[in-house]
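Report on the following structure.
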Amino acid sequence: MKLLYFAWVREKAGLGEETVELPQNVKTVTDLMAWQKTRGPQFEAAFEQSKVIRTAIDQTHVAHDAEISQAREIAFFPPVTGG
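Per our numbering: the sequence shown ends with 436, consecutive numbering throughout.
Here you go:
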C-alpha cells in the first residue's frame, strides 16, 4: 500500500511517501496510525498527535474509523489553517 505524508507529518517521518505491506490486524485508519507509531522514533513522533492528523484514502477524506482494506493510497496531513 502506498502511504503519503505531508507538512509536519512528512518532516517528522523523514520521508514523503513509501510503499508498505501492512500486518493483517491493521484494518482501519486508527489501526494504521497505531502501527505507524511502532515503526521507530521518527514515526512515533510523526503520529504523536494522531487525533488531529487528517487522512485521505484514494484522495477522499475519511474518518479515523474508515476501513482501509481496499485502499491503494493513504495520505496523512495536519489540519489546514489559513485566513
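C-beta: ideal position from N, C-alpha, C; glycine also.
Quick caveat: nothing in here was measured; it's all calculated off a predicted structure.
Report back the beta-carbon spacing between L375 and L385 to the nearest angstrom; my notes put them in contact at under 8 Å.
Correct: roughly 7 Å between the Cβ atoms.
Could you give the uninterrupted runs of the beta strand (DSSP E) lying entirely in the segment 359 to 420, keeping only those of 3 residues or more?
DSSP runs (the beta strand (DSSP E)) wholly in the segment 359 to 420: 370 to 372, 407 to 410, 413 to 415.
Check A428 in the structure and name its three-state DSSP category.
strand
Could you tell me the distance, in whole angstroms, from the CA atom of M354 to the CA atom of T381?
13 Å
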